[in-house]
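Protein chains in written order, with the working numbering: chain A, 2 to 312; chain B, 27 to 594; chain C, 163 to 448.
Virtual Cβ for every residue (Gly too), placed ideally from N, Cα, C.
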Amino acid sequence: MNIWTYILRRTLYSIPILLGVALVIYVMFNLVAPNPAAILLGRHATAQQIVELNHELGLDRHWFLQYFDIVKSSFTFDFGRSWSTKQEITEMFKAGAIPSLTVSVPSFVLATIISIIISLFIAYYRGSMADKVTVFVCVALMSVSSMAYILFAQYFFAYKLGWFEISGYDFPNFLPYVALPIIISVVLEVGPDVRFYRTIILDEIYQDYVRTARAKGLSEKVILFKHVLKNAMIPIITYLVLAIPFLILGALLIENFFGIPGLGAITINAINSSDFPVIKAMTILSSVAYIIFSIITDVLYTLVDPRVRLK
Amino acid sequence: MSEILLSIKNLNVEFKTDEGIVHAVKNFNLDIKKGETVGLVGESGSGKSVTSLAIMGLIPNPPGKITSGEILFQGKDLLKMSREELRKIRGNKISMIFQEPMTSLNPVFTVGNQIDEAIILHQKVSAKEARKRTLELLHEVGIPNYEQKVNDYPHQMSGGQKQRVMIAMAMACKPDLMICDEPTTALDVTIQKQVLELMFNLQNKHGMAMLFITHDLGVIAEVANHVAVMFRGDLVESSSAKEIFNDPKHPYTKGLMACRPSLDKNPKRLLTVETFLNAENAKISDIKVEYKVEKETDDEKYPVLLEIRNLKKYFPIKGGIFGRTVDEFKAVDDVSFKLRKGRILGLVGESGCGKTTLGRAILRLIEPTAGDIIYSGVNLGTLNHSQMQAMRRKMQIIFQDPYSSLNPRMTVGDIITEPLEIHNVGANKKERYDVAQSLMEKVGLKTAHLTRYPHEFSGGQRQRICIARALSLKPEFIICDESVSALDVSVQAQVLNLLLDLQDEFKLTYIFISHDLGVVKFLADEVGVMNKGKIVEYAKASEIYKNPREDYTKRLLDAIPRGIPVRG
Amino acid sequence: MSIKSGSLSAHAWRQIKKEKLAMLSLFIIVIYVLIALASVTGLLAANWSKEVGASYSAPSLQHIFGTDIFGRSVLEKTIKGTEVAISVGLVTAVLSITIGVFLGAMAGYFGGFIDEMIVWFYTTLSSIPTTMLLVAIALILGKGMLAVYLALGLTSWVSLCRLIRGEVMRHCEREYVQAASAIGGGHLRKIFKHILPNVSHIVIINFSLQFQTAIKSEVILSYLGLGVQGRPSWGTMIDDSKLELARGVWWQLAAATIAMMFVVLAFNILGDALRDALDPKLKGKS
Chain A
2 MNIWTYILRR
12 TLYSIPILLG
22 VALVIYVMFN
32 LVAPNPAAIL
42 LGRHATAQQI
52 VELNHELGLD
62 RHWFLQYFDI
72 VKSSFTFDFG
82 RSWSTKQEIT
92 EMFKAGAIPS
102 LTVSVPSFVL
112 ATIISIIISL
122 FIAYYRGSMA
132 DKVTVFVCVA
142 LMSVSSMAYI
152 LFAQYFFAYK
162 LGWFEISGYD
172 FPNFLPYVAL
182 PIIISVVLEV
192 GPDVRFYRTI
202 ILDEIYQDYV
212 RTARAKGLSE
222 KVILFKHVLK
232 NAMIPIITYL
242 VLAIPFLILG
252 ALLIENFFGI
262 PGLGAITINA
272 INSSDFPVIK
282 AMTILSSVAY
292 IIFSIITDVL
302 YTLVDPRVRL
312 K
Chain B
27 MSEILLSIKN
37 LNVEFKTDEG
47 IVHAVKNFNL
57 DIKKGETVGL
67 VGESGSGKSV
77 TSLAIMGLIP
87 NPPGKITSGE
97 ILFQGKDLLK
107 MSREELRKIR
117 GNKISMIFQE
127 PMTSLNPVFT
137 VGNQIDEAII
147 LHQKVSAKEA
157 RKRTLELLHE
167 VGIPNYEQKV
177 NDYPHQMSGG
187 QKQRVMIAMA
197 MACKPDLMIC
207 DEPTTALDVT
217 IQKQVLELMF
227 NLQNKHGMAM
237 LFITHDLGVI
247 AEVANHVAVM
257 FRGDLVESSS
267 AKEIFNDPKH
277 PYTKGLMACR
287 PSLDKNPKRL
297 LTVETFLNAE
307 NAKISDIKVE
317 YKVEKETDDE
327 KYPVLLEIRN
337 LKKYFPIKGG
347 IFGRTVDEFK
357 AVDDVSFKLR
367 KGRILGLVGE
377 SGCGKTTLGR
387 AILRLIEPTA
397 GDIIYSGVNL
407 GTLNHSQMQA
417 MRRKMQIIFQ
427 DPYSSLNPRM
437 TVGDIITEPL
447 EIHNVGANKK
457 ERYDVAQSLM
467 EKVGLKTAHL
477 TRYPHEFSGG
487 QRQRICIARA
497 LSLKPEFIIC
507 DESVSALDVS
517 VQAQVLNLLL
527 DLQDEFKLTY
537 IFISHDLGVV
547 KFLADEVGVM
557 NKGKIVEYAK
567 ASEIYKNPRE
577 DYTKRLLDAI
587 PRGIPVRG
Chain C
163 MSIKSGSLSA
173 HAWRQIKKEK
183 LAMLSLFIIV
193 IYVLIALASV
203 TGLLAANWSK
213 EVGASYSAPS
223 LQHIFGTDIF
233 GRSVLEKTIK
243 GTEVAISVGL
253 VTAVLSITIG
263 VFLGAMAGYF
273 GGFIDEMIVW
283 FYTTLSSIPT
293 TMLLVAIALI
303 LGKGMLAVYL
313 ALGLTSWVSL
323 CRLIRGEVMR
333 HCEREYVQAA
343 SAIGGGHLRK
353 IFKHILPNVS
363 HIVIINFSLQ
373 FQTAIKSEVI
383 LSYLGLGVQG
393 RPSWGTMIDD
403 SKLELARGVW
413 WQLAAATIAM
423 MFVVLAFNIL
433 GDALRDALDP
443 KLKGKS
């Protein structure tokens, strides 16, 4: 099938999903959530003030209009104003994007490279002591809470040893501030990544075509790096592309603890101050990003796998 | 006297399994001469594939280990070579092709790339020169349009073409020896014929030796000069093809030869390997064989049990932006026939012809798109759910794959009594288990095994359990959907005999679906040949084999290996 | 793979018994469960809220993990926290498995419109980042254990649902299910007697994964102020420690982290061993 037809079909399929997401968000934030009046006006608000506030926030309109607002904002990215900072949320997000990216992009790239190298290594030496120890270490790394890593690293490496800045942010001189957050992020991601890549690679190694490659006289190295890797890259690339929307959300805890004014920190602040518009906006933004990237992932898959591309 | 190219001496291979050490190959000896084709024959578990992997140094280690022996190739012991030395020989002087063309090629590289790779690896030529040779090879193996096809990916080719590509790849460096492990087993019989011819021609042209591994004696007869027979890891007999086929010495070999259903003879029951293992030195011709008697065709005594009228099953093909139905795949396309009580109808055809779909549709396991199924005068299409339930007691099915047709989580006893439970036969569990016990005996299994699980049985035994399950409701009519196709030929003979015994005892009517014409000829009274969803020819079994009328039938019959040694 | 005797479960159990590490992990998990039970019934750590020493005293022979800001024994708090961990893990896993298996089986077995609805539903849910969903649900339900159970349980069923749906669809095509139709079996029998027992291995493996993920998520929820109130949990202990570290008080963080690490690691190892034993296709790959 034509690639454009597929893109069109896939995008059309996302529309009911988007509508569904908007519905869930509507139910959570407009319908079921505690009344904003209590939060914004405090306990001693008069009935009159509550009615006025509800009108101002548009909460007395027909449900469909409120729902439609949510749908609209997923296209226009106009989310209104924050209750606590009174800023335009879109402006807040724009400002927070860069700091988030200075942490998330390097850690994503580094973690991916390191994980793939480690996985190839232990796939080559599968079954050996090195393999078993590496897997165990990955599992052990995954068994510690991320907060424990953050607290410990911040206390020990930044505070005690003074190798890094404890918290804060500067632009463009952000390196001393993001170095430790990046290292921690990488440590957190490598464990599950290595396990995932290892499974994918081993899945391929036991396939029949590898036996044929051996029968041709190819060395194990060539088999791994040429034959197996190219096949394994298909699920790996799709996994990686789908991870990209999560870079946008930023690492909530890391940004918060290290004082990095990114989208994650904005979100935590909003949670702490019950700033619904911001939480809602963040939810919409990240859901839309996820939907877009899942379309991209599926399309990429059809381009990269010859079995799907050429029917 | 040709010189000896490869000499296997006292080869022993062991495998570590969960249950201990398995001795897969025991004291195996074999010589392959230059330019000769040696056939290595055996059933599953015989060790034939393991032997071939040992030659190539491809035995997975762990869990496998070569514990002793030598494999001398051009004077040097392959088992003592370093990995680098072995790699220089693999794909170069000794090459190998495997059984499954679907999965043996790398799906993300073009066919041309994969052949180029073999050439560049061993012959150190430029990519351009390698591609020239690749095109020559594709031409030689008979790929049409090879200039375009060289850039195709494996999934764009048919099974037969993929196997040709594998052969091209194996021949790329003009090897002295080509090992073929069941290369045509996964192919349709007409394609098989073409591929075998190709291999035969290539071998003659290049003076290459071949080690041809298969379970199919008919195929061996067509290709081999010398034949070695393996049974459970032992080499039981090894001599020229003519000798093996005309005067086999070992009881197992005799049994293997005799138990194949053949196209010219008409025995009432097949001989089995057991007959020979018990009969010591008897010659095949000594064993008494009763011949089939043509069944009586009294219309009164044998009324029409099943009538199929214009049966159609179409599957929608979706496409376009909204996934609408754009076309239909006509799996079963206007099939009609009548089957009388007590007869056996054989439905024969190659893969994709619709025979399996037809079988499922008759039992309403898939709903037909159009047409009528009339059983004992009742149109099944008019029945509601509970009426159909009642009808199901009379119509049963035995599937092909003994490994997936039994629920791995249920004991055999539960499996056999489940139909009784569903239809409320028997007052309590004990009564139902009594029925199960007698059924186990009927199919030749021990009643003590009712508490066991399916994975504790062999393929043939599992198929017997399936038969017992099918019999539990005392049906009149059973569809056997490729029920013996997944079994070894010796086990197949036993199961076929069992089916006939049961038919005599319980007055059953069968539809026997298979791609194997020899089996169908043995079993069936009438034969329907299917192609592309239609029955192209329908006649009495004896007639169809002696006087086929349609072209397709003729081609099908022509493709069957005769089992007469040609080259030994 | 040749299995000598007994059911597949019995065989799997024999396989696992051979793995020393897996058996050790199982043992550790059992110990944790016992500690949680002892704690709930008051046999252990009943007096966790009592002041037993000076505020913030360092670990000593008397108090192995020292004391917290109120002079309470950190060891006792850790033991009390086991209750929360085990109950959160258990309830979340059971809740999410129930939803996931039910919806997955319905979707996989019936196909058609039901399948499309269920797929639409879980695709929608999984498009919203879990963190935001958790936060939103917790904001709505307020604080406390029930909110934690529901939030975690309602957000973690999707991956299992997808897996079950795929497996059920695969098994529907298998011949033993067709055989069940041929002998007259109906939908309920096919689903409950034939298909579900054959996907149970996925559920078991998933259970161990859910359990430990829930334990780790509880920490995050506590940090966000949305979790357990009024009693110690490892999450609240770690949350408290963020202020303590600057003062050099590291023992509460250490206690909670170590306690959590052992049980989560045990679940991970056990989960891998289960996968090897139960899913023959993945043998040697986990």
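Please list, in chain order, all residues of the same chain as residue i whose beta carbon is under 8 Å from its beta carbon, the five residues on each side excluded.
{"i": "Leu41(A)", "result": "Leu54 and Trp84"}
Give the DSSP bridge partners of residue i, in chain order.
{"i": "Thr595(B)", "result": "There is simply no residue 595(B) to check, as chain B begins at 27 and stops at 594 in what is shown."}
{"i": "Ile343(B)", "result": "Asp353(B)"}
{"i": "Phe538(B)", "result": "Gly372(B) and Cys506(B)"}
{"i": "Leu237(B)", "result": "Val64(B) and Ile205(B)"}
{"i": "Asp427(B)", "result": "In the DSSP output, where bridge partners are listed per residue, Asp427(B) has none listed."}
{"i": "Asp514(B)", "result": "According to DSSP, Asp514(B) bridges with nothing at all."}
{"i": "Glu89(A)", "result": "Arg82(A)"}
{"i": "Val422(B)", "result": "In the sequence as presented, Val is not what sits at residue 422(B); that position holds Gln. For Gln422(B), which the question treats as bridged, DSSP gives the partners Ile504(B)."}
Taking 7 Å as the limit between beta carbons, can you name the residues of its chain near residue i, skipping five residues before and five after?
{"i": "Gly375(B)", "result": "Lys381, His541, Val555, Met556 and Asn557"}
{"i": "Lys547(B)", "result": "Pro287, Leu289, Ala567 and Tyr571"}
{"i": "Ile353(C)", "result": "Ala267 and Tyr271"}
{"i": "Glu467(B)", "result": "Thr473"}
{"i": "Arg327(C)", "result": "Gly266, Ala269 and Gly270"}
{"i": "Gln487(B)", "result": "Leu471"}
Below 8 Å on the Cβ atoms is my contact criterion, and I expect residue i with residue j to pass it. Report the Cβ-Cβ distance as a whole number of Å.
{"i": "Cys379(B)", "j": "Pro428(B)", "result": "Contact flag wrong, Cβ pair sits at about 23 Å."}
{"i": "Val381(C)", "j": "Ser146(A)", "result": "5 Å"}
{"i": "Asn264(A)", "j": "Ser101(A)", "result": "Before going further, note that residue 264(A) is Leu rather than Asn in the sequence given. The pair is a contact, with the Cβ atoms about 5 Å apart (cut-off 8 Å)."}
{"i": "Ile190(C)", "j": "Ala428(C)", "result": "4 Å"}
{"i": "Ile217(B)", "j": "Gly168(B)", "result": "Their Cβ separation, rounded to whole angstroms, is 12 Å, which puts Ile217(B) and Gly168(B) out of contact at 8 Å."}
{"i": "Lys294(B)", "j": "Tyr328(B)", "result": "That pair is no contact at about 19 Å."}
{"i": "Ser318(C)", "j": "Gln372(C)", "result": "6 Å"}
{"i": "Ile92(B)", "j": "Ile85(B)", "result": "7 Å"}
{"i": "Ser287(A)", "j": "Pro291(C)", "result": "5 Å"}
{"i": "Val106(A)", "j": "Ile255(A)", "result": "14 Å between Cβ atoms; not a contact."}
{"i": "Lys217(A)", "j": "Met195(B)", "result": "7 Å"}
Grab me the residues of residue i's own chain with a C-beta within less than 6 Å of its C-beta, minus the 5 sequence neighbours each way, in chain order.
{"i": "Cys139(A)", "result": "Gly192, Val195 and Arg196"}
{"i": "Leu301(C)", "result": "none"}
{"i": "Lys560(B)", "result": "Asp359"}
{"i": "Lys119(B)", "result": "Pro201 and Asp202"}
Who are the neighbours of residue i on chain E, taking C-beta pairs under 9 Å?
{"i": "Ser121(B)", "result": "Protein chains in the displayed structure are A, B and C, and chain E is not among them."}
State whether the region 224-236 of chain C contacts the region 350-368 of chain C, with contact taken as three or more CB pairs (one from each stretch) at a distance under 8 Å. no
I want to know whether the region 521-533 of chain B touches the region 367-376 of chain C - three or more CB-CB distances under 8 Å. no
Taking three-plus beta-carbon pairs below 8 Å as touching, is the region 256-274 of chain A in contact with the region 75-82 of chain A? No, the region 256-274 of chain A is not in contact with the region 75-82 of chain A.
Decide yes or no for the touch test of the region 268-286 of chain B against the region 484-498 of chain B: beta carbon pairs closer than 8 Å, at least 3 of them. In short, these stretches do not touch, since the Cβ pair count stays below three.
Cβ contact check for the region 43-51 of chain B and the region 236-250 of chain B: 3 or more pairs under 8 Å: no
Considering only residues of the region 65-99 of chain B, which uninterrupted alpha helix (DSSP H) runs meet the minimum length of 4 residues and lie entirely inside it, listed in chain order? 74-82
At least 3 beta-carbon pairs within less than 8 Å: the region 393-411 of chain B vs the region 297-313 of chain C: Because the criterion of three Cβ pairs below 8 Å is not met, the region 393-411 of chain B and the region 297-313 of chain C do not touch.
Does the pairing of the region 173-187 of chain C with the region 202-212 of chain C give three or more beta-carbon distances under 8 Å? no
Mind pulling the alpha helix (DSSP H) runs of 4 or more residues that sit fully within the region 556-586 of chain B? 567-572 and 577-585
What runs of the alpha helix (DSSP H), each 4 residues or longer, lie entirely inside the region 209-239 of chain A? 209-217
Which runs of the alpha helix (DSSP H) at least 4 residues long sit entirely within the region 236-279 of chain C? Give them in chain order. 236-272
Do the region 406-426 of chain C and the region 142-156 of chain A make contact, defined as three or more Cβ pairs closer than 8 Å? Cβ pair count under 8 Å is three or more, so yes.
Could you give the uninterrupted runs of the beta strand (DSSP E) lying entirely in the region 169-245 of chain C, keeping only those of 3 residues or more? Listed in chain order, there is nothing to give.
Give, in chain order, every unbroken run of the alpha helix (DSSP H) that is at least 4 residues long and sits entirely within the region 17-58 of chain A. DSSP runs (the alpha helix (DSSP H)) wholly in the region 17-58 of chain A: 37-42 and 48-58.
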